[in-house]
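One structure is given here, and the rest of the page talks about it.
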Amino acid sequence: MSQHSRRFGLTALLTAMLSAPVWAQSTDEKVQELQQKVEALDQRVKADERNKELKDDAAADEAKNGAAVTADTSGFKIRSNDGNFVLKIGADLQVDNRSFEGAGSSSLPDTILLRRVRPTFSGTIYKYVDFFFRPDFGQGQTVIYDAYLELKYFSAANLRVGKFKPPEGLERLQSDDDTSFIERGLPTLLVPSRDIGYQLSGNLLKRRVYYAAGVFNGVPDNGLADTAASDHRSYSGRLFLTPFQGGSENPLSGLGFGVGGGGGNVDKIALPSYKSFGQNTFVTFASGVVAAGHRTTLAPHAYYYFGPFGVLSEYTLTEEGFQKGAVRRDIAFRAWQVAASYILTGEHKSFTSPTPRKAFDLRNGGWGAWEVAARVGDFSAERGLYSYGFATPAQSPRHAREWVGGVNWYLNRLLRISVDYGNTNFASASRASERVVLARFQINFI
Amino acid sequence: MTRTHRLISLSILLAAGFARGGQGPVTLLNVSYDPTRELYQDFNAAFSKYWKAKTGVDVVIKQSHGGSGKQARAVIDGLQADVVTLALAYDIDAIAEKAGLLPRNWQSRLPDNSSPYTSTIVFLVRKGNPKHIRDWGDLVRPGIGVITPNPKTSGGARWNYLAAWGYALKQYSNDEGKAEDFVTRLYKNVPVLDSGARGATTTFVQRGIGDVLLAWENEAFLALHELGKDKFDLVVPSVSILAEPPVSVVDKVANHRGTAAVAKAYLEYLYSPEGQEIAARNYYRPRLKEVAARYDNRFPHLALFTVDEVFGGWQKAQKKHFEDGGIFDRIYQGR
């Protein structure tokens, strides 16, 4: 090996020896660098996971605290996601046409009128408190019809306070958009419309038994008021049974019966106003007559629904004190009605309006629901009405008998068109029978 | 009034009398911020015992914890708190102003501006401090993961933020621009923004995210002692903020529930030697000198500045930094 070759070999060896640590060092650095990258990636993945976790928590929190706004066939509603707070905005608008037939049939003119214009605000606060507020701007007047709170903590005992329907008559307690006829029947004339007070009500025995009892300011029959006429109060109560359950296959499941009633002192309250189907007042009290003494009402009632068929019946007896001068007497009023209806399109009839199987829509072949209905009813006052001078036969027949036939077209859940013909015979030579055609266009949602 | 009405009224009065007659335990709800769970568990037990011995009446204290701002909003929205023990005065001010549940001068009703204990902000780092974090300046280095909650919802986070801002002002001779730049760089290093201090501790300790947790001193000690000294180290920065968490009775709620007297006694007991001892045991700095002296070795010594000194009070600090459109929004949206 030449000297040159030996020198070259030594140089190569030294170079190799010196470069070995450099190689090792660069490997360590690379490992370290990779380790750092892995750690950084690990941190990023963990951070992303945690951020997702926090985002999910925030979304769950938002879902719990947020609210949903809905607008559909049941109306317009804002509901907190936990269901504890609900606001529903509704409306009840009825445009009626009244056409009276024959001379002397009516003291009222034929008319088109806004029978009811009632915006409705209802809902729930703090889960257990319901509220309901409904004024009426119909017929050129502003009247608060319903304004109440109801504490519904126990289903067996709900406390309602405010202005609402006292629990006496069956048809009175049915919502005006659910009745089969444009105007209510004669027994409803003998129970209060709305009153201010307290009521305890509830369902017992798996909803087989319903009870309601309340204390109120006191209002005249078929009337309402916003203040008490005296220190005295009136009392109302109702017990209603639906003993047969089991759904539509049980033919008795649609049977309900019960009794309502009430009483109290009527001193200083306004005199009652009794109106026919066409809304003509047919009992006018003589000058100087005032309500005095007690009023007692007993109102047994029942309904039965099976498939598209329904029948509702009630009898109401009211005995009420009147005074003219030194003469004070209790006068008894009696009224009854039987109302039947049948839904031609096959929907199930119930205490509330039917929901059409197919809403009216010509393009898709929907005709809504069609219903025919008929009722007979009778109203009478005892002879003492005349003999004690509280009214005169010339001005106030003490007997009225009506029959009504009608057709209801439910275009959808909210819209309804109705046409009724009503005949009321007053059994009086001085008062011609009332014959009237009522037509109604109605939109209602709560 | 008729006889019937007199009878009904009498019945109602009698029923009310009977209802009051059965004296069960008094319940209090203490709505507090995130890291006070352990403190109030101990304190509530001690107070119940004290109150029973003093009055013979059992008292049951319920606790609610969350981000301080979030808790204040819950009280404003109707959470029936008899007392609030929150992270900062601003949150109780909000309850006074927005809901009117207590008087605006609530802070003057108890000693030391109604702050029975204090704390500060320190750093918790991984064992051995692998990223060599010694002071606030290290938090803005690239590659440092800083865990701190959201100042919009967490009182602790606002203390963290202001502590960093105060350090930067000191470091850059009160140059606000440089302070904002410093805090902006710090928040660029925040990978997760929890809503409360306890959530941030979970992120750092249990999820293993980040290199440093900005924490309440008590929370850092708790993590260290309860979760493992072999896993974490405590780093005390050169300077930090004196945190003064306040307490108050929520007058309208307590008066309505008939708990005003016991609620007041509950908070006053925090100032008693027993209450101060419990605070110190839970790593809150006690106000009472003799208790503070006994626990002197427990708390590190560092320079502390107050919100009033550096920021002119909580109202000003809140408006400038944390209100919608404030500096924090600018900083965090620019991330």
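Chains as they are written, first to last, in this note's numbering: chain A, 1 to 446; chain B, 1001 to 1335.
Just so it is clear, CB atoms sit at the ideal spot from N, CA and C, and this is done for glycine as well.
Since the model is a prediction, treat every value here as computed from it, not as a measurement.
{"query": "Using CA atoms only, rank isn't needed, just tell me which of S341(A), I269(A) and A63(A) is closest to T449(A).", "result": "Any question about residue 449(A) goes unanswered here, given that chain A covers just 1 to 446."}
{"query": "Roughly how many whole angstroms lie between the Cα atoms of Q36(A) and W1136(B)?", "result": "23 angstroms"}
{"query": "Could you tell me the boundaries of the beta strand (DSSP E) in which F100(A) lies?", "result": "V86 to E101"}
{"query": "Using a Cβ-Cβ cut-off of 9 angstroms, state whether G1022(B) counts as contacting chain A.", "result": "For G1022(B), the pLDDT reaches just 44, beneath the cut-off of 50, and the residue's location in the model is therefore unreliable, although a value from the coordinates is still provided. No, because no Cβ of chain A sits closer than 9 angstroms to the Cβ of G1022(B)."}
{"query": "Establish whether the CB of V1192(B) and some CB of chain A are separated by less than 9 angstroms.", "result": "yes"}
{"query": "What in chain A is Cβ-close to G1208(B), meaning under 7 angstroms?", "result": "K46"}
{"query": "Which residues of chain B have a Cβ atom closer than 9 angstroms to the Cβ of L54(A), listed in chain order?", "result": "V1192, L1193, D1194, S1195, G1199 and T1203"}
{"query": "Say whether chain A places a C-beta atom closer than 9 angstroms to the C-beta of G1155(B).", "result": "no"}
{"query": "Does DSSP put T1027(B) in a helix, in a strand, or in coil?", "result": "strand"}
{"query": "Determine which residues of the stretch 1129-1149 of chain B have a Cβ less than 7 angstroms from any Cβ of chain A, and write them out in chain order.", "result": "G1145"}
{"query": "Just list the residues that DSSP pairs K324(A) with in beta bridges.", "result": "V289(A) and V327(A)"}
{"query": "Which parts of the stretch 1152-1219 of chain B are runs of the alpha helix (DSSP H), unbroken and 4 residues or longer, counting only runs that do not cross its ends?", "result": "1155-1171, 1176-1188 and 1197-1201"}
{"query": "Alpha carbons only, please: which of S396(A), R115(A), L54(A) and I78(A) is nearest the one belonging to V459(A)?", "result": "With chain A running from 1 to 446 in the structure shown, residue 459(A) is simply not present."}
{"query": "List in chain order: all unbroken beta strand (DSSP E) runs of 3+ residues lying wholly within the stretch 352-429 of chain A.", "result": "369-381, 399-410 and 415-425"}
{"query": "Taking H348(A) as the reference, give the member of E371(A), F360(A) and V338(A) with the closest Cα.", "result": "E371(A)"}
{"query": "L1110(B) and L1267(B): beta carbons closer than 9 angstroms?", "result": "yes"}
{"query": "Pick helix, strand or coil for I269(A), following the three-state DSSP scheme.", "result": "coil"}
{"query": "Please check if any C-beta of chain B sits within less than 9 angstroms of the C-beta of Q174(A).", "result": "no"}
{"query": "Using only the alpha-carbon positions, how far apart do K152(A) and V129(A) sit?", "result": "6 angstroms"}
{"query": "Is N444(A) helix, strand or coil by DSSP?", "result": "strand"}
{"query": "Could you check what DSSP says for F244(A) in three-state terms: helix, strand or coil?", "result": "coil"}
{"query": "Which residues of chain B have a Cβ atom closer than 7 angstroms to the Cβ of N51(A), listed in chain order?", "result": "V1192"}
{"query": "From D169(A) to G260(A), what distance separates their C-alpha atoms?", "result": "Going by the sequence as given, residue 169(A) is Gly instead of Asp. So the two alpha carbons sit approximately 6 angstroms from each other."}
{"query": "Could you tell me whether the Cβ atoms of A286(A) and G223(A) are closer together than 9 angstroms?", "result": "no"}
{"query": "How would you call H1301(B), buried or exposed, if buried means at least 16 neighbouring beta carbons within 10 angstroms?", "result": "exposed"}
{"query": "Can you list the residues of chain B that Q43(A) reaches, using a CB-CB cut of under 8 angstroms?", "result": "G1145, P1191, I1209 and G1210"}
{"query": "Measure the CB-CB distance between D176(A) and R238(A) and report whether it falls below 9 angstroms.", "result": "no"}
{"query": "Check whether the Cβ atoms of D1230(B) and N1129(B) lie closer than 9 angstroms to each other.", "result": "no"}
{"query": "Can you tell which of P192(A), T242(A) and K206(A) has its C-alpha closest to the C-alpha of G218(A)?", "result": "P192(A)"}
{"query": "Quick one: what does DSSP say E1038(B) is sitting in, helix, strand or coil?", "result": "helix"}
{"query": "For L204(A), does the count of other Cβ atoms within 10 angstroms reach 16, so buried, or fall short, so exposed?", "result": "exposed"}
{"query": "To the nearest angstrom, how far is it from the Cα of P1245(B) to the Cα of G123(A)?", "result": "41 angstroms"}
{"query": "Per DSSP, what kind of secondary structure is N203(A) in: helix, strand or coil?", "result": "strand"}
{"query": "For P135(A), which residues does DSSP report across the bridge?", "result": "I144(A)"}
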